[in-house]
Amino acid sequence: MSHEQYQKCIEECIRCMMACNHCYNACLDEENIAMMTKCIRLDRQCADICAFAAHAMSTNSVYAREICSICADVCEECGTECKMHDVKHCQECAEACFRCAEACRAMAA
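Yeah, the sequence shown ends on 1421 if you go by the numbering used here, and it's all consecutive.
Structural data, given as structure tokens:
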């Protein structure tokens, strides 16, 4: 597959990585940080797999589909966790995660 065919998914992965990094940092500033522990952990993991998936696609890795499948799973879990927190950064992160999961599932199919 060519880089152009991966472009939409790469863009969603990068957007999700950025949203997760923002959410991660904003969660650290929340009053009840203990309540945000799972969100923070998933934000980090999601940002990392999104960056890795974007890299795999941009280098036309033979494992890109499998990596995108895993990325979709992590994005779904992160999005679900973020959706439970009623703060703007978490809600925005959840939206980015769900969009990325959808793009990665399409790429993995």
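Don't be surprised by glycine CBs; every beta carbon is placed ideally from N, CA and C.
Beta-carbon proximity check, residue i vs residue j, cutoff 9 Å
| i | j | result |
| --- | --- | --- |
| Cys1339 | Ala1415 | no |
| Cys1387 | Cys1351 | no |
| Cys1405 | Met1396 | no |
| Ser1370 | Tyr1318 | yes |
| Arg1377 | Ala1420 | yes |
Neighbour flag for residue i against chain C, beta carbons, 9 Å
| i | result |
| --- | --- |
| Met1348 | In the displayed structure, chain C is absent; only one protein chain is listed. |
Residue interval of the alpha helix (DSSP H) (run including residue i)
| i | result |
| --- | --- |
| Ser1370 | 1349-1370 |
| Ala1408 | 1400-1420 |
| Glu1388 | 1376-1395 |
Beta-carbon proximity list for residue i, same chain, < 7 Å, skipping 5 on both sides
| i | result |
| --- | --- |
| Ala1365 | Cys1325, Ile1379, Cys1380, Cys1383, Cys1416 |
Close Cβ partners of residue i (< 8 Å) along its chain, the five nearest in sequence each way excluded
| i | result |
| --- | --- |
| Gln1357 | Val1386, Cys1390 |
Nonlocal neighbours in the same chain, by C-beta distance under 6 Å from residue i, ignoring five residues either side
| i | result |
| --- | --- |
| Met1348 | Cys1339, Glu1342 |
### Message
With three or more beta-carbon pairs closer than 8 Å as the criterion, would you say the segment 1326-1345 touches the segment 1391-1402?
### Response
yes
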